[in-house]
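In my numbering, the protein residues as written are 201 to 887. Quick reminder that beta carbons are idealized off the backbone N, C-alpha and C, glycines included. Being a predicted model, the structure only gives us computed values, none of them experimental.
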């Protein structure tokens, strides 16, 4: 590829003979490999090698057309007006050593393995430029770098300098003819596996002019990224670097040199790193190659051994913990060999590497998986530790205390024994047959009612007739304890005394409404229990053995009387043979319907087996549907509210409105619509 530039970059400085002269050479290379291990290819890191760590490197690079320019008008050439180096292959030997953990000194020495010139380059204006001999040296570089900050929250800062010595062969453009120096600053920022590097500096060299091209002082820059793709194995990297001359011609494009490189570094277990890279020049600068390929080998044994176990940190899986070679620099990961990792293994990846599980609570005693590497600490499985556990730390997760009953499953609260006093009344359960155990647990032997808190008078059994009605609580018969008590029978209501009114007196339960008419027997009022039984009955029954006739006449005296009954209990509803009247188009119940609703309330109270009742409201189809639906719901709720005021428990009642959806007669006549306007009482649950 031809490059148009404004001046010549090669030197013809001295004519020595008439037909053949020597040209003063200069270094055409712009890629200089780093000497150490911290950096990309040519971009330096701010970090330095550890004290006395060293590296040895050989870097080979081939550049296609590393130098190219147009021959100026008037030059004496026979054919092409373009002069260039077609290709150049060089090998650079490099070495570096770390000093005091903050200084690094390196040396690089290039060897020109091959360099090919185009014909027009060989003789220009009778000045001859010869290709170099193979294997000649280029300019040696001494590289010094010092760390100012290293890894401060990911940031590193360093200062360095490159000193170039004119050791290259005179012919072939393989070296400068004078000493030059390049001081620079290096900055790093590392975030996770990504390390970014920035270099900036100046090259201070003797001013040399080649026709209209000037080589002099320059500003150097470089930016690189190193991605640690696989830790300690593979880095993926890239860099951009270049130089801008500081002469008056620095704005001309052919004075600008810039290049990019992409590649990777493979790290092997034998301290040998393999570098591969490729890139190309950027722009039309004289020294910008068409392309460049790199191949390098670096031997960098890391001598640091942080834990002093004789295994270098790079090869030490546990660089901060002394270990042995058998376990790659770590202590034994599983001392007792039971498959559970010792406590020092805290990294799941390390546990996986060694094939053990985290973490062995008994690292010195082989155990089982169920107890995380310990033997069974609780033989009877009651949560209380066998005695050997008290001699070992760290088993509280599996059991506690010391088991007084190691062969019988028990509870931690009772020292590994079953509950010595299940009902907590101070009397020992039957399993305690030893006075020593009874004394240890502080209970008396032996509880005849181990599951019922009792008293001393009845050997741990409770009072059998707590309500004092002479009838025994059910447990007496269930446990066969009738010989202990003076009561008889079985009291179905042990918390409430029987009322002994010759009505079911043997069940032990008080009967607040013997005749079941919803009106309380007199004793309920006499004992002040009307409030307690208000969901069952109300008032005072003047005829407690005869049910009230619910007919709207003295329905609250509890006595039968003559009169027409209009509320009847059917299988699934209460049938009312009358209507409940409301104010027109409103939810207000007319007073003339109070008597009917009182009879409904009396009927519900007289039938405790009816546990759930739904009051349904229905309207005709006159007016809007939404209005009728709302009206029916309101009327049903009004009836429920009235029944509650008459002593019916709210839990037994619910209201629903259907509007015109469930007509008894679908006809549109006045009579049919009157029939459809109604309230119904539906039984939804019975005992």
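Minimum C-alpha distance to residue i - residue among the options
i           : options               : result
residue 623 : 642, 654, 339 and 602 : 654
residue 460 : 344, 242 and 852      : 242
residue 287 : 303, 268, 302 and 301 : 268
residue 502 : 455, 582, 232 and 252 : 252
residue 519 : 506, 510, 824 and 227 : 506
residue 486 : 227, 671 and 340      : 227
residue 462 : 305, 240, 677 and 313 : 240
residue 391 : 423, 352 and 422      : 352
residue 232 : 255, 639, 809 and 259 : 259
residue 732 : 720, 256, 823 and 742 : 720
residue 369 : 349, 311, 420 and 416 : 311
residue 415 : 522, 436 and 443      : 443
residue 264 : 836, 473, 425 and 481 : 481
residue 438 : 730, 425, 528 and 577 : 425
residue 806 : 790, 824, 738 and 786 : 738
residue 356 : 683, 579, 557 and 386 : 386
residue 528 : 544, 554 and 549      : 554
residue 804 : 837, 743, 736 and 765 : 736
residue 812 : 729, 489, 852 and 782 : 852
residue 397 : 403, 408, 404 and 384 : 384
residue 773 : 883, 725 and 834      : 883
residue 781 : 850, 880 and 690      : 880
Residue i, enclosing alpha helix (DSSP H) - first and last residue
i           : result
residue 842 : 825-845
residue 548 : 548-554
residue 804 : 794-805
residue 725 : 722-726
residue 677 : 674-678
Buried/exposed call for residue i, threshold 16 Cβ in 10 Å
i           : result
residue 587 : exposed
residue 546 : exposed
residue 441 : buried
residue 717 : buried
residue 870 : exposed
residue 406 : exposed
residue 151 : Nothing about residue 151 can be reported from this structure: the residues present for the chain run from 201 to 887 only.
residue 429 : exposed
residue 727 : exposed
residue 144 : Missing from the structure shown is residue 144; the chain here goes from 201 to 887 and no further.
residue 278 : Here the model assigns residue 278 a pLDDT of 46, short of 50, so the residue's position is not dependable, and the following value carries that caveat. Its Cβ having fewer than 16 others within 10 Å, residue 278 is exposed.
residue 824 : exposed
residue 642 : exposed
residue 236 : buried
residue 223 : Residue placement at residue 223 is flagged as unreliable, the pLDDT there being 40, under the threshold of 50; a coordinate-derived value is accordingly withheld.
residue 614 : buried
residue 900 : A question about residue 900 goes unanswered here, because the residues of the chain that appear run from 201 up to 887.
residue 474 : exposed
residue 836 : buried
First through last residue of the beta strand (DSSP E) which encompasses residue i
i           : result
residue 362 : 355-365
residue 879 : 878-886
residue 638 : Element bounds for residue 638: not the beta strand (DSSP E) but the alpha helix (DSSP H), 635-641.
residue 816 : 810-818
residue 383 : 380-391
residue 478 : 472-481
residue 497 : 491-499
residue 397 : 394-403
residue 856 : 853-859
residue 731 : Counting along the chain, residue 731 falls outside any beta strand (DSSP E), and DSSP gives it neither H nor E.
residue 457 : 457-467
Short Cβ contact (9 angstroms threshold) for residue i with residue j
i           : j           : result
residue 377 : residue 362 : no
residue 338 : residue 375 : yes
residue 681 : residue 649 : yes
residue 250 : residue 234 : no
residue 582 : residue 605 : yes
residue 536 : residue 499 : no
residue 628 : residue 647 : yes
residue 868 : residue 821 : yes
residue 885 : residue 776 : no
residue 575 : residue 562 : yes
Contact between the stretch 566-573 and the stretch 525-545 (3+ Cβ pairs under 8 angstroms): yes
Stretch pair the stretch 859-868 + the stretch 812-832: three plus CB contacts closer than 8 angstroms: yes
Given 8 angstroms, three or more beta-carbon pairs between the stretch 287-299 and the stretch 508-523: no
Given 8 angstroms, three or more beta-carbon pairs between the stretch 832-846 and the stretch 800-815: yes
At least three beta-carbon pairs within less than 8 angstroms, the stretch 848-856 to the stretch 873-881: no
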